[in-house]
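*Asks:* As numbered in the working numbering, the sequence shown has no gaps in its residue numbers, which increase by one up to the final residue, 269.
Glycine included, each C-beta is placed from N, C-alpha and C at the ideal position.
This is the structure, below, for whatever I ask next.
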Amino acid sequence: MSETLSRPEFEDILRFYQEAGLDFAMGDEPVDQFAAFEAQKAAAKPAAAMPALEKKAAAPVPRPTAVPDEAAIAAARAMAEGCASIPELLEALLGFEGCGLKFTAKSLIFADGKPLAPVMFISDVPGREDDLEGRLLAAPGGLLFDRMLAAIGLDRTSAYLGCMIPWRPPGNRAPTAFEIDVCRPFIERHIELAAPKLLVLLGDLPAKTLVPSSDSILRLRGRWRDFALADGRAVPALSMLHPAYLMKQPAQKRLAWADLLALKGRLV
Numbered sequence: 002m003s004e005t006l007s008r009p010e011f012e013d014i015l016r017f018y019q020e021a022g023l024d025f026a027m028g029d030e031p032v033d034q035f036a037a038f039e040a041q042k043a044a045a046k047p048a049a050a051m052p053a054l055e056k057k058a059a060a061p062v063p064r065p066t067a068v069p070d071e072a073a074i075a076a077a078r079a080m081a082e083g084c085a086s087i088p089e090l091l092e093a094l095l096g097f098e099g100c101g102l103k104f105t106a107k108s109l110i111f112a113d114g115k116p117l118a119p120v121m122f123i124s125d126v127p128g129r130e131d132d133l134e135g136r137l138l139a140a141p142g143g144l145l146f147d148r149m150l151a152a153i154g155l156d157r158t159s160a161y162l163g164c165m166i167p168w169r170p171p172g173n174r175a176p177t178a179f180e181i182d183v184c185r186p187f188i189e190r191h192i193e194l195a196a197p198k199l200l201v202l203l204g205d206l207p208a209k210t211l212v213p214s215s216d217s218i219l220r221l222r223g224r225w226r227d228f229a230l231a232d233g234r235a236v237p238a239l240s241m242l243h244p245a246y247l248m249k250q251p252a253q254k255r256l257a258w259a260d261l262l263a264l265k266g267r268l269v
């Protein structure tokens with residue numbers, strides 16, 4: 002081949018082989034695998050015909066009974082209300098099978114930080130990195146979140162983090178209305194058990210669901226509203242832009258900084 006091709010042409014062929022994944026030689030001489038295959042096929046004897054088998058009807062595959070959405074939500078509410086501590090709530094979520102996201106996600110994303118801290122942050126749904134690491138608000142958005150905490154003298158050892166939906170939706174899609182409703186009793190009970198003095202609702206989903214509103218997060222952010230507990234008490238809740246949104250819209254960080262100062266003023 003080297004006698005009929007120029008050096009640049011030869012290098013181009015080698016580069017093509019390397020890019021195709023052929024990066025080493027199996028022998029000193031080239032082998033025509035196509036010719037070898039044809040010779041092997043011609044020498045092979047036809048296999049004896051297999052006797053006809055009596056066809057039998059396949060046994061029916063048992064299918065799980067579908068649980069109506071209303072029943073799944075009622076079961077979630079009963080399980081959450083029956084939990085007397087945060088560890089019990091985690092065990093309930095581990096055993097809950099009323100949400101299909103559990104079977105597509107790698108990890109259950111429950112919480113991070115210090116339980117019973119004065120302030121509790123509620124994120125929306127786990128992202129890809131969260132699911133892979135098994136940790137809420139992982140990199141790269143988590144790094145920004147950590148810097149936001151540090152700017153007002155907090156970190157993950159002095160604040161508590163929860164999540165609206167504990168399992169990542171496939172492909173980072175938005176959760177469905179049913180998925181939100183069936184997971185809501187758990188996060189509401191989580192807040193009750195954590196008993197924070199202040200709540201911070203990160204992003205559109207927590208801000209519009211936990212304190213119902215039809216406004217967008219850009220209208221809700223910076224506003225204090227009350228999150229109602231089951232016993233009638235209320236927890237002041239501040240809506241903020243989510244760190245993942247700020248990564249895509251860095252010009253909005255000035256709004257987040259104003260909200261962080263508002264939070265710091267309440268924590269003093």
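Starting from F187, follow the alpha helix (DSSP H) in both directions and report where the run begins and ends.
*Replies:* The count along the sequence shown starts at 1 and reaches residue 187 at position 186. Its alpha helix (DSSP H) spans residues 178 to 195.
*Asks:* Might you give, ordered along the chain, the residues of its own chain that have their beta carbon closer than 6 Å to the beta carbon of W168, omitting 5 neighbours on each side?
*Replies:* By 1-based counting over the sequence shown, the position of residue 168 is 167. Result list for W168: L102, K103, A106, in chain order.
*Asks:* In the structure shown, what three-state DSSP assignment does A81 receive?
*Replies:* The count along the sequence shown starts at 1 and reaches residue 81 at position 80. It is helical.
*Asks:* Would you identify the three-state DSSP class for W258, choosing helix, strand or coil?
*Replies:* What you label residue 258 is simply residue 257 of the sequence shown in a count that begins at 1. Note: W258 maps to helix in three-state DSSP.
*Asks:* Less than 7 Å between the C-beta atoms of G163 and I218, yes or no?
*Replies:* Walking along the sequence shown from the start, residue 163 turns up at place 162. Walking along the sequence shown from the start, residue 218 turns up at place 217. No, Cβ-Cβ distance for G163 and I218 is not below 7 Å.
*Asks:* Are three or more beta carbon pairs between the segment 130 to 141 and the segment 204 to 222 nearer than 8 Å?
*Replies:* Cβ pair count under 8 Å is below three, so no.
*Asks:* Exposed or buried, what is K56 when buried is set at 16 or more other beta-carbons lying within 10 Å of its beta-carbon?
*Replies:* Start at 1 with the first residue of the sequence shown, and residue 56 comes out as number 55. Caution applies to K56, whose pLDDT of 45 falls short of 50 and renders its modelled position unreliable; the value that the coordinates give is listed next. So K56 counts as exposed.
*Asks:* For G266, does the count of other Cβ atoms within 10 angstroms reach 16, so buried, or fall short, so exposed?
*Replies:* One-based indexing of the sequence shown puts residue 266 at position 265. Result: exposed.
*Asks:* Since I153 and L264 are thought to touch, with beta carbons under 8 Å apart, how far apart are those beta carbons, to the nearest angstrom?
*Replies:* On the sequence shown, residue 153 is found 152 positions in, with the first residue counted as 1. On the sequence shown, residue 264 is found 263 positions in, with the first residue counted as 1. Confirmed, about 6 Å.
*Asks:* How is A140 classed by DSSP in three states: helix, strand or coil?
*Replies:* Sequence index remark: in the sequence shown, residue 140 carries index 139 (1-based). Here A140 sits in coil by DSSP.
*Asks:* How about I74 and V201: do their beta carbons lie closer than 7 Å?
*Replies:* Residue numbering aside, residue 74 sits at position 73 when the sequence shown is read from its first letter. Residue numbering aside, residue 201 sits at position 200 when the sequence shown is read from its first letter. Their beta carbons are not under 7 Å apart, which means I74 does not touch V201 by this criterion.
*Asks:* Using 8 Å for Cβ pairs, my map puts L256 next to L242. What's the rounded Cβ distance?
*Replies:* Stepping through the sequence shown from its first residue, residue 256 is reached at position 255. Stepping through the sequence shown from its first residue, residue 242 is reached at position 241. Confirmed, Cβ separation roughly 6 Å.
*Asks:* To the nearest angstrom, report how far apart G143 and P244 are at their CA atoms.
*Replies:* Position 142 of the sequence shown holds residue 143. Position 243 of the sequence shown holds residue 244. Spanning the two alpha carbons is a distance of roughly 7 Å.
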